[in-house]
Amino acid sequence: MSEKRLREMVKRADETLRRRASLSIARGLRRFFREPVDAYGWWTEDLRRLARQMRRDLLASGEGELLLPLAEELFALPKSEHWSLGVFLLEGRTRKWGEAEFRRLERWLPRLRNWSDCDALSIYLLGPMIVAEPARVRRVFRWARSRSRWARRAAAASLVPAARRRLCQREILRLAERLLEDTDEMVQKGVGWLLREAGKARHPGVVPFLLRVRRRAPRLVLRTACEKLPSRQRRRILS
């Protein structure tokens with residue numbers, strides 16, 4: 230791999246993002262976050278289109294091996310669009326990867342800065358790799374012990390794709406138990422989201438779990454987890 234070529238691609242991607250930036254979109258995006266967010270101002274679907282074009286160009290030129298290094302470089306840059314573009318470049322490609330790539334993506338966790346890049350990395354990259362090889366689920370319990378709120382949220386969010394396919398059922402409840410008393414609101418939302426998706430997929434253990442923990446679980450977790458349950462079950466859990 231040519232480092233010079235990689236630097237050129239990173240520079241070109243940044244120039245494209247900068248050239249088509251929108252101040253009004255950037256201002257609107259910042260309203261979705263409590264943390265300071267540095268953004269050029271792009272709509273998500275426009276970023277996806279750019280990522281698809283960049284991916285097609287690299288594959289057509291025989292440089293597909295540069296996709297992961299390019300995404301990694303972009304994910305380390307400061308703008309919100311850098312992170313999203315890095316994830317979208319790799320979206321749909323993870324089924325071809327193995328343990329080396331999973332561990333490489335895992336090393337992105339300390340770079341997470343808000344719920345958006347946390348959830349994008351979890352849902353589009355780490356989560357599908359856990360679905361492809363469920364034994365990887367054991368890694369999320371390490372993330373759940375992290376001091377980083379975003380790594381702990383990623384532990385829950387990365388299991389959402391598995392929950393939707395009724396995979397890793399025991400591990401989902403173990404992780405929810407582990408994170409149940411986390412005091413961070415963003416982690417609580419992640420746990421509630423995971424349990425909601427498992428409940429929607431008719432995971433048989435979700436309702437018994439929620440009934441068992443309802444007296445000690447944060448209300449935010451319970452409300453989020455119950456959103457898609459039948460009204461009778463929801464009332465019983467929240468009563």
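Residue numbers (the numbering used here): 230 to 468.
By construction, the Cβ of each residue, glycine as well, lies at the ideal position given by its N, Cα and C atoms.
Note down the Cα distance separating S375 from A391, rounded to an integer number of angstroms. 21 Å
Taking 8 Å as the limit between beta carbons, can you name the residues of its chain near T245, skipping five residues before and five after? L279
Report yes if the CB atom of L295 is closer than 8 Å to the CB atom of L354, and no otherwise. no
What does a CB cutoff of less than 6 Å around R382 pick up in its chain, not counting 5 residues either side in sequence? C347, M415, V416 and G419
Identify the continuous alpha helix (DSSP H) that holds R278 and give its terminal residues. T273 to A289
Closest residue to W312 among A386, L287 and L338 (Cα-Cα distance): L338
Specify the secondary structure class of A391 as computed by DSSP and reduced to three states. helix
For L314 and L303, which I take to be in contact (beta-carbon distance under 8 Å), what is that distance rounded to the nearest angstrom? 5 Å
Quick check on the burial criterion: 16 or more other C-beta atoms within 10 angstroms. Buried or exposed for T453? buried
Following the continuous alpha helix (DSSP H) through T453, name the residue where it begins and the one where it ends. R448 to A454
Let me confirm a value: F317 is counted as buried when at least 16 other C-beta atoms fall within 10 Å, else exposed. Which label applies? buried
In chain order, which beta strand (DSSP E) runs of at least 3 residues are fully inside the region 382 to 426? none
R448: which of G421, A427 and R431 sits nearest, CA to CA? G421
Return helix, strand or coil for V266, following the three-state DSSP convention. coil
Rounding to the nearest angstrom, what Cα-Cα distance links L258 and V435 in this structure? 34 Å
Straight-line CA distance for P265 to V389? 26 Å
Backbone secondary structure at A255 - three-state DSSP: helix
Which runs of the alpha helix (DSSP H) spanning at least 4 residues fall entirely within the region 295 to 369, listed in chain order? 296 to 304, 309 to 319, 328 to 335, 344 to 350 and 356 to 361
Three-state secondary structure (DSSP) at A250? coil
Which of helix, strand or coil does DSSP assign to K233? helix
Residues near A427 by beta carbon distance below 7 Å, same chain, minus five either side: A392, I401 and V435
Given this structure, state the Cα-to-Cα distance separating R465 from L409, to the nearest angstrom. 19 Å
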